Amino acid sequence: MKLESLQPGDLLYAAMEIVSDGTVPGFDEGQTIAAQGTRGVLINTGYLEEQPSQTLYLVRFETAEGLGPATACAADELRVADEGDEPSRARL
């Protein structure tokens, strides 16, 4: 499965450490939002008006308390589930 074919509710993973740029509520600039390998759920996809050719993925990553805040990620920051990972659909 490719990242582009995911639908809202599908599970994916952080391909690298996801760090706040200072715009995510509750996270200071430079603070880790999700460690590499952290599971998340796709909320939606979109793009910035200035860069319509670059797809952004709105993801909520798992935390010890549940799901964290919605975080916009670029494609290279994410990976789809492998066969050994959890099922591809979140139970919301």
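In this note's numbering, the protein residues as written are 86 to 177.
Ideal placement from N, C-alpha and C gives every residue a C-beta, glycine not left out.
Predicted, not measured: the structure shown is a model, and the values here were computed from it.
Annotation: the continuous beta strand (DSSP E) that includes residue 148 extends over 136 to 148. Only residues of its own chain outside the window of five on either side were considered, and among them 97, 142, 160, 163, 164, 165 have a CB closer than 8 Å to the CB of residue 88, listed in chain order. The criterion of a C-beta distance shorter than 7 Å is not satisfied by residue 125 and residue 104. Assignment of residue 100 by DSSP, reduced to helix, strand and coil, places it in the coil class. Put simply, of 102, 94, 151 the residue whose alpha carbon is nearest the alpha carbon of residue 158 is 102.
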